[in-house]
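To start, the structure under review is shown below, and the notes come after it.
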Amino acid sequence: ETGVTQSPTHLIKTRGQQVTLRCSSQSGHNTVSWYQQALGQGPQFIFQYYREEENGRGNFPPRFSGLQFPNYSSELNVNALELDDSALYLCASSFSLSLGAETQYFGPGTRLLVL
Amino acid sequence: KQEVTQIPAALSVPEGENLVLNCSFTDSAIYNLQWFRQDPGKGLTSLLLIQSSQREQTSGRLNASLDKSSGRSTLYIAASQPGDSATYLCAVRAPGWGGSQGNLIFGKGTKLSVKP
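Here the protein sequences come in this chain order: A and B.
One rule links them: number in my numbering = place in the first sequence (from 1) + 117.
One rule links them: number in my numbering = place in the second sequence (from 1) + 192.
Structure follows, in structure tokens:
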């Protein structure tokens, strides 16, 4: 167990709806990254938050947005859901002091199905 | 742009066999390389992390090697067991922090099945 938790574990939505996924970081961690893993693929980087600011973003449209709270928990929001958004969403937390060297710890993921 | 490839995509072996999983990456400028295990529908479990200055890491029956200059890593599993059945993912740590490629760039994984 890494100490990183995600909720909900599973979610079913219909096309066009909006969804919010939540991540609780491991105690003491100040950085969170979100990844999307489609079936049969490796995880793809969505974005990263460090001290409540977006620090980097992968090749995902603006309808994917996020927040990091003062307690370093995080949300991933997806608007106008599309069928291709069906995937396992993983969050990973880490403690960043010397930028670029920290180890990320992954949560169990949220399985999203868009119908 | 860094790309990570894993071969084979799937592998089936009898219990007790030693096996090697392969990972290659296109840009040798990495901080480290990490091997993960993923059980069906689950999150990622880190197995081994090799820093860019290291050649190999070992944990129990697992040994991972890194050849940065050739852009290759291997994960060696000794005396395989049915409980080793899972998907094994290789990920490299990109230079910088955050940015457009993020911290970890993953391959698609090798799905391993160990038959009793």
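A virtual CB, placed ideally from N, CA and C, is assigned to each residue, including glycine.
This one's a predicted model, so the numbers in the text were calculated from it and none came from an experiment.
List the residues that DSSP assigns as beta-bridge partners of residue 269 of chain B.
According to DSSP, residue 269 of chain B bridges with B/211 and B/254.
Cutoff 9 Å: residue 185 of chain A Cβ touching any chain D Cβ:
Of the protein chains in the structure, A and B, none is chain D.
On the three-state DSSP scale, how would you describe residue 206 of chain B?
Correct three-state label for residue 206 of chain B: strand.
In this structure, does DSSP put residue 202 of chain A in helix, strand or coil?
DSSP places residue 202 of chain A in helix when its eight states are reduced to three.
Consider the Cβ of residue 284 of chain B: report whether some Cβ of chain A lies at a distance smaller than 9 Å.
It does not: the Cβ of residue 284 of chain B has no partner Cβ on chain A nearer than 9 Å.
Residue 136 of chain A beta carbon less than 9 Å from that of residue 210 of chain A:
No, they are not a contact pair.
Pick out whichever of B/282, B/253 and B/278 has its Cα sitting closest to the Cα of residue 271 of chain B.
Taking only the C-alpha atoms, the option nearest residue 271 of chain B is B/253.
Buried or exposed, going by whether 16 or more other CB atoms sit within 10 Å of the CB of residue 129 of chain A?
Only exposed fits residue 129 of chain A, as fewer than 16 other CB atoms lie within 10 angstroms of its CB.
Ends of the beta strand (DSSP E) at residue 194 of chain A?
Unbroken beta strand (DSSP E) run through residue 194 of chain A: 191 to 195.
So, is the C-beta of residue 137 of chain A closer than 9 Å to a C-beta in chain B?
No, residue 137 of chain A does not count as interfacial toward chain B.
How do the segment 228 to 239 of chain B and the segment 211 to 219 of chain B stand: do at least 3 beta-carbon pairs fall below 8 Å, yes or no?
Contact between the segment 228 to 239 of chain B and the segment 211 to 219 of chain B is absent, with fewer than three C-beta pairs closer than 8 Å.
Just tell me which of B/247, B/285 and B/278 has its CA closest to the CA of residue 204 of chain B.
Considering only alpha carbons, the answer is B/278.
Is there a Cβ from chain A that is less than 9 Å from the Cβ of residue 301 of chain B?
True, the Cβ-Cβ gap to chain A drops below 9 Å.
Looking at the secondary structure, which residues open and close the beta strand (DSSP E) in which residue 186 of chain A lies?
First-last for residue 186 of chain A: undefined, no H or E at that position.
What is the DSSP secondary structure of residue 173 of chain A, reduced to helix, strand or coil?
DSSP places residue 173 of chain A within a strand segment (E or B) once states are collapsed to three.
When the Cα atoms are used, what is the spatial distance from residue 151 of chain A to residue 265 of chain B?
CA-CA distance, residue 151 of chain A to residue 265 of chain B, rounds to 25 Å.
Kindly identify the DSSP beta-bridge partner or partners of residue 127 of chain A.
The bridge partners DSSP lists for residue 127 of chain A are A/228.
With distances taken between CB atoms, is the gap from residue 157 of chain A to residue 281 of chain B smaller than 9 Å?
Annotated as distal: residue 157 of chain A and residue 281 of chain B, with beta-carbon spacing of 9 Å or more.
Residue closest to residue 237 of chain B, alpha-carbon to alpha-carbon, out of B/283, B/307 and B/306:
If we check each option's Cα against that of residue 237 of chain B, B/283 comes out closest.
Classification of residue 235 of chain B by the beta-carbon crowding that lies within 10 angstroms, buried from 16 upward
Result: buried.
Reducing DSSP to helix, strand and coil, say where residue 259 of chain B ends up.
When DSSP states are grouped into helix, strand and coil, residue 259 of chain B belongs to the strand group.
Determine the extent of the beta strand (DSSP E) in which residue 278 of chain B is found, giving its start and end residues.
Taken as a continuous stretch (DSSP letters only), the beta strand (DSSP E) holding residue 278 of chain B covers 278 to 285.
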